[in-house]
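Input: a single structure, listed below in structure tokens.
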Ligand code: G3I
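Numbering (mature numbering (1 follows the signal peptide of the UniProt record, and there is no 0)), first residue to last: 5 to 325.
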């Protein structure tokens, strides 16, 4: 294959990336690579609650709309990210809950309105929604959040039902990190989804974020975990893949990184329910990694100047089966 779009076509999945709106607007090189290589996109921040409703009742859809419009122009499917999360909530919401001016019943109405407003706005345009993001913690407990504390565990089922009502054709996902390997987290997530399904809750997919680092062993059980969830009747996706490293970059580290990307894509392709392989940014020029992990970076397929790295070539070499 000539590029990732062609690879995607040949293997029958979609290969996607997170999109940074500022770069989409300001950088022609960014747009060129984005639209040449990718057939699926996720807004990196633009669809999050703090982005779309920074003041109560004041909606700012421009950035999210820009991602959607660019995608529709370039035959890219869209993952909506996300409807319920504990991060990047607007300040009016978190302060209101903290100081008690927003009570529990009102909070539930606010959550419902948020989900339905956003999912309805993009109805028919979103292939898959991350309805709930990161709702289990690393110890295998439901994550402490304003949602769990004030609404109880039922908020998860409610969120899927509301999203389904607002956009009946979108695939509705639970999305999380470390479920590539963390047994406690995997078991709790598995039981949670099994219970949701048993209650008839409209949940259709599980997203494995896939934030890896070469200083850790590759999670070799990942395809088996995918299969286990697929056997519950779920679609599977890799939703936020990246492979960071401790800087400086060396040829050896780039080779290991390439191998991690290659194994991840092969793993996805070995599971028939795996439909999407999305990276969390495609260029080291714009990546969340250096800002979050001191001394780490270089996690993407392209370097700061949009030159393809060994990881990119490694993906192109992957075949189905
Ligand atoms: O927009 C403000 C800007 O006005 C301000 O000047 C600047 C100063 O710090 O901050 C800007 O906001 C930043 C925002 O990204 C937009 O760039 C936030 O500080 C920063 O915290 C935020 O980080 C995002 C992070 O989620 C927040 O939790 C990353 O870009 C984004 O890549 C990351 O994505 C998450 C997924 O949604 C869920 N899974 C994990 C993944 C990586 O953390």
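Note that the Cβ used here is the ideal one computed from N, Cα and C, for glycine as well.
Supposed close pair residue i, residue j - CB separation, criterion 8 Å
i, j, result
"residue 123", "residue 170", "4 Å"
"residue 3", "residue 71", "Residue 3 cannot be examined here, being either before or after the span of the chain that is shown, 5 to 325."
"residue 242", "residue 268", "6 Å"
"residue 80", "residue 43", "6 Å"
"residue 205", "residue 234", "Rounded, the Cβ-Cβ distance is 18 Å, inconsistent with contact."
"residue 244", "residue 290", "Not really, about 14 Å apart at Cβ, beyond 8 Å."
Exposed unless 16 or more other CB atoms sit within 10 angstroms - verdict on residue i
i, result
"residue 20", "buried"
"residue 105", "exposed"
"residue 221", "exposed"
"residue 173", "exposed"
"residue 296", "exposed"
"residue 29", "exposed"
"residue 58", "exposed"
"residue 288", "buried"
Same chain only: Cβ atoms within 6 Å of residue i, ignoring 5 sequence neighbours per side
i, result
"residue 149", "90"
"residue 22", "46, 48, 284 and 285"
"residue 301", "251, 293 and 294"
"residue 318", "262, 265 and 266"
"residue 138", "180"
"residue 151", "159"
Closest Cα partner of residue i within the set the options
i, options, result
"residue 260", "270, 271 and 248", "248"
"residue 189", "229, 231, 63 and 140", "140"
"residue 162", "145, 207 and 184", "207"
"residue 185", "204, 228 and 164", "228"
"residue 115", "75, 61 and 76", "61"
"residue 82", "281, 324, 287 and 183", "281"
"residue 86", "201, 305, 25 and 52", "52"
"residue 226", "191, 203, 192 and 183", "183"
"residue 191", "232, 168, 73 and 203", "232"
"residue 32", "316, 310 and 315", "310"
Residues near residue i by beta carbon distance below 8 Å, same chain, minus five either side
i, result
"residue 54", "92, 93, 94 and 95"
"residue 16", "324"
"residue 238", "197, 207, 208, 209, 210 and 277"
"residue 157", "146"
"residue 201", "207, 236 and 237"
"residue 164", "135, 136, 176, 200, 205, 206 and 207"
Cβ neighbours of residue i in the same chain (closer than 7 Å, five flanking residues each side left out)
i, result
"residue 7", "40 and 41"
"residue 218", "247, 249, 257, 260, 261 and 264"
"residue 111", "101, 154 and 155"
"residue 1", "The question about residue 1 has no answer here: the residues shown for the chain are numbered 5 through 325."
"residue 67", "25, 50 and 55"
"residue 322", "266, 269, 270 and 273"
Min CB distance residue i to chain D below 9 Å
i, result
"residue 88", "No chain D is present in this structure, which holds just one protein chain."
Residue i CB to nearest heavy atom of the ligand FMN below 8 Å
i, result
"residue 216", "For the structure depicted, the ligand FMN is absent and the ligand set comprises only the ligand G3I."
Tell me whether the region 192-207 and the region 253-268 touch, counting them as touching only if at least three CB pairs, one residue from each stretch, are closer than 8 Å. Note that the region 192-207 does not touch the region 253-268; fewer than 3 beta-carbon pairs, one per stretch, sit closer than 8 Å.
For the region 125-143 against the region 92-107, do three or more pairs of beta-carbon atoms, one drawn from each stretch, fall closer than 8 Å, so that the two count as touching? Taking a cut-off of 8 Å on C-beta distances, the region 125-143 does not touch the region 92-107, as fewer than three cross pairs fall below it.
Taking 8 Å as the cut-off, does the region 171-183 touch the region 198-212 (at least 3 CB pairs, one atom from each stretch)? Verdict: yes, contact present.
Say whether the region 32-41 touches the region 93-108, bearing in mind that this needs 3 or more beta-carbon pairs closer than 8 Å, one atom from each stretch. Judged by Cβ distances under 8 Å, the region 32-41 makes no contact with the region 93-108, as fewer than three pairs qualify.
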